[in-house]
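Just so we're aligned, residue 3 is where the sequence shown starts under the working numbering, counting upward by one.
Using N, Cα and C, we set each Cβ at its ideal position, and we do this for glycine too.
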Amino acid sequence: SLLFHLPSRGATNTKLVKIGAREATVCARARVPTCAAEPPDIEHTDFEVYLLNDNYNMREHVSRALMMVCGITEADAASIMTQADWGGMALVGTWEKALAEHTYIGMKQAGLQAVLRPVEEQDDRDR
């Protein structure tokens, strides 16, 4: 299957991703803000994707999968992988629901252990 990364915010971006002999053009749209008076909508909540440590994937495979699926640099992939190795899990990124699900599925397809969860709102006292 074809894996690619979409940026999370900002103006519409198009990114061409080439994997092997296949090509795909991917288009991401800007997030539409919601009115503050509206109740929270799970579709407009940001989600975090975490990489979990495992004992069976080689470091090179994990690093390459993170670079291909998440569109991050080799240094960032190594940093995330090291954090997961030492701490049991590491934050890969925070995206809107559709992009986070896409990243999560791509990581799972690559054989990585991952967790997808909504971002928790901070209390006013925590700020």
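For A102, the enclosing alpha helix (DSSP H) starts and ends at 99-111. With contacts defined by Cβ atoms closer than 9 Å, V117 and Y106 form a contacting pair.
Across the structure, N57 and M69 are spaced so that their CA atoms are roughly 20 Å apart. Here the alpha carbons of L101 and M60 stand approximately 26 Å from one another. Under DSSP, D78 shares a beta bridge with no residue. If you check the CB distance, L54 and A80 do not come in under 9 Å. Under the three-state reduction of DSSP output, T84 falls in the helix class. E50 is bridged by DSSP to T96, R119. Secondary structure note for L68: its alpha helix (DSSP H) is the uninterrupted segment 61-72.
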